[in-house]
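Structure, as structure tokens:
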Amino acid sequence: MSAERTRRLVDDLRAKPAETTWIEFKENNADGPLIGKLISALSNAARLADQHFAYVVWGVRDGDHAAVGTVFEPTVKKEKGQPLELWIANHLSPSKSR
3 MSAERTRRLV DDLRAKPAET TWIEFKENNA DGPLIGKLIS ALSNAARLAD QHFAYVVWGV
63 RDGDHAAVGT VFEPTVKKEK GQPLELWIAN HLSPSKSR
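Just add 2 to wherever you are in the sequence shown, counting from 1, and you've got the numbering used here.
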């Protein structure tokens, strides 16, 4: 996705009057297990709401949807020694039962 298209998407999401079951705004949350649970919950909620996608948008304040930036760097974050994206992918597999 181009930077311009990403910016327009984020602006569209920020224009919503409030978070929804499939849109979540975060400033600096870097807790791997919490992020995994959030992604799972948003994904399920998007499906139930007949949405094609769910979104977690970092760097946006929840209360007023102001763009405030973030110090969270998902490409650098590690969870139990693994890159966060890999750790989440391994733990959110539909075939994995808990």
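In this text, a Cβ means the ideal position worked out from N, Cα and C, and glycines have one as well.
Just so we're clear, the structure is a prediction, and the values are computed from it rather than from any experiment.
If the five residues before and after valine 78 are omitted, its C-beta is found closer than 7 Å to no C-beta atom of its own chain. For valine 58, the enclosing beta strand (DSSP E) stretches over residues 57-60. Around the Cβ of alanine 56, a 10 Å sphere holds 16 or more other Cβ atoms; the residue is buried. Beta-carbon to beta-carbon, valine 58 and leucine 40 are separated by about 6 Å, close enough to satisfy the 8 Å threshold. Spanning the alpha carbons of glycine 71 and glycine 38 requires a straight line of approximately 21 Å.
According to the DSSP secondary-structure assignment, lysine 80 is paired through a beta bridge with Pro85.
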